[in-house]
Amino acid sequence: MIVLISIFLSCLLKYSAANRTITVSTNYGDVLGYETDMARIFYGIPFAQPPVGDLRWNRPVPVSKWAPNVLNATTRAPACPQPPCGGIPSLLCPTKFSEDCLYLNIFTPRMTNSSSTSPLPVMIFIPGGNFQYLDASIPVYESEHIVNSTNVIIALIQFRLGALGFLATGTGPNDITGNYGILDQRLAIAWIKANIAAFGGDPNQASIVQSAPLAIPFRTYAEYIAPAVLLAEQLKCAVGDINCLRRQTYQDIATAQTKVDTMLTSFKFLLFFEPWLPVIDNKIVNGQLMDLVQNTSFPLKPMIIGTLTEEAVFYIYEAWAQPITIPQYMEILTFTFHENALKVFERYPPRELDDQRALVSVLATQWVFACPTRVYARKAATYSYVFGFPLDFDGWENET
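Residue numbers (mature numbering (1 follows the signal peptide of the UniProt record, and there is no 0)): -18 to -1, 1 to 382.
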């Protein structure tokens, strides 16, 4: 819902030459941002050292103090490397990339600082994108209107994506063990907790906000063998030669990642379930989310959780630019649900139309979003919602 609000409001943003700069003192040194007529904005604050060279496919290392220098936080940091986002609006597409991408953005209401009498609650936003796409600085995430109208602080974080963030080859000392993007998230949250008071925030009132399909399965190390081998082959490296893999450019790795995706499945929608995902390492990730939630023996943190009535429309129409015929619909069910395809077919029979994309959207919404959300809601949610504004969606061809 934050994204939906921002899509509308970001179109109204007008940056004035009269914006004045402001300085905040953190544990790492002073940070130079600027103030608009609605908010204070700090772009591109580093929380980790650049994950390049020997730090590629390694745990993130906390950033060093920059004091006595002043950090210029008035321009957006580049996005983490990722494949082209395809036929979707530029509002959702990063345009600048770098492997040096572990930064965060902070938006605060005006006149908020560490001397404020009442520290403000903090929303830590983790961009979605199925661990493969998006970043903290795309236009739809501009948050000055939200912080101005709600009197909260919003911090948006970036983390390594795709193969650079989640490739896993094994558990040995010379293996790529995976889950680096999750470790980036943890370090970013720790930085925010330790420094947000300087921006007028209350570290004890921090909530994590994110958008992600809860049904996406995590991987086992065995399931990572095939994509890891294919990626190494594309890069002309042995899968166990981490030095060779580290010598490749991030552009070549992103290209190889896209090629591996097409080798693993011909259904573009199913790439959301393919391979560059967290791995179950029993250290950071202890199992599938659904299993952990249903079988946990301890209270879960309270949460607000919800879905859209047409959540999958965007993905289906982006994946299938042309109508889905009934034979194609049956093929999709067989490929996706295997031995359960007939049950799904009976529950969601084809419609008397030449195009089954709307039906596939309904099915995907229930399967990927609504059903797992209901499981979470029964176990942990204190409030559950459905955003039901109807869409008249025919693709992104005319959107910018």
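Beta carbons: idealized from backbone N, C-alpha and C, even for Gly.
Source: prediction; values computed, not measured.
Buried versus exposed, by CB contacts within 10 Å (16 or more), Y365: Label assigned to Y365: exposed.
CA nearest to the CA of G35, picked from R228, F369, K325, M312: If we check each option's Cα against that of G35, R228 comes out closest.
Straight-line gap, S193 to G288 (C-alpha atoms, nearest Å): Going by the C-alpha atoms only, they are around 10 Å apart.
Secondary structure of Q31, DSSP reduced to three states: In the structure shown, Q31 sits in coil (DSSP, three-state: anything other than H, G, I, E or B).
Proximity below 8 Å, CB of A183 to CB of P281: Here residue 183 is Gly; the residue named in the question, Ala, does not match the sequence. When the beta-carbon positions are compared, G183 and P281 stay at least 8 Å from each other.
Limits of the beta strand (DSSP E) - the one that F107 falls within: F107 -> beta strand (DSSP E) spans 102 to 108.
Contact check, V261 vs A150, beta carbons under 8 Å: Yes, the Cβ-Cβ distance between V261 and A150 is below 8 Å.
Reduced DSSP category for L341 - H, G, I as helix; E, B as strand; rest coil: Helix at L341.
C-alpha gap between V350 and S7, whole angstroms: Within the model, the alpha-carbon separation for V350 versus S7 is close to 43 Å.
Which of helix, strand or coil DSSP assigns to D19: In this structure, D19 counts as coil in the three-state DSSP scheme.
Simplified DSSP state of S366, which is helix, strand or coil: In the structure shown, the three-state DSSP call for S366 is strand.
Residue closest to G147, alpha-carbon to alpha-carbon, out of I128, A236, I135, D223: The shortest C-alpha to C-alpha distance from G147 to any of I128, A236, I135, D223 is the one to A236.
Chain B within 8 Å of E215, Cβ atoms only: Looking for chain B here will not work: only one protein chain is present.
CB of G152 within 8 Å of CB of Y203, strictly: Yes, these two residues count as a Cβ contact at 8 Å.
Cβ-Cβ distance between P65 and Q239 below 8 Å: If you check the CB distance, P65 and Q239 come in under 8 Å.
Where the beta strand (DSSP E) through P185 begins and ends: 183 to 192 is the span of the beta strand (DSSP E), which, as asked, contains P185.
Range of the contiguous beta strand (DSSP E) that encloses P309: Looking at the DSSP string, P309 is not in any beta strand (DSSP E); the run it does join, the alpha helix (DSSP H), is 308 to 319.
Spatial neighbours of L259 in its chain, beta-carbon cut-off 7 Å, leaving aside the 5 residues before and after: So the list reads F113, F148, I198, F200, R201, once near-sequence residues are dropped.
Contacting residues, own chain, Cβ-Cβ under 7 Å from A359 (five flanking each side not counted): Correct list, in chain order: I287, S366.
According to DSSP, residues forming a beta bridge with L53: The partner list for L53 (beta bridge, DSSP) reads V13.
Span of the beta strand (DSSP E) around R2: That run of the beta strand (DSSP E) goes 2 to 8.
Sequence-distant residues of its chain with Cβ nearer than 7 Å to I136 (five each side left out): Spatial neighbours of I136 in its own chain (CB-CB distance under 7 Å, excluding positions within 5 residues in sequence) are listed in chain order as F89, M105, F107, S125, I128, V129.
C-alpha gap between N177 and T99, whole angstroms: The straight-line gap separating the alpha-carbon atoms of N177 and T99 is approximately 17 Å.
Proximity of Y85 and T56 at Cβ, strictly below 8 Å: It is not a contact, given that the beta carbons lie outside the stated cut-off.
Inter-residue CB distance, L169 and P32 (contact presumed, cutoff 8 Å): The beta-carbon separation of L169 and P32, rounded to 13 Å, does not stay under the 8 Å limit for a contact.
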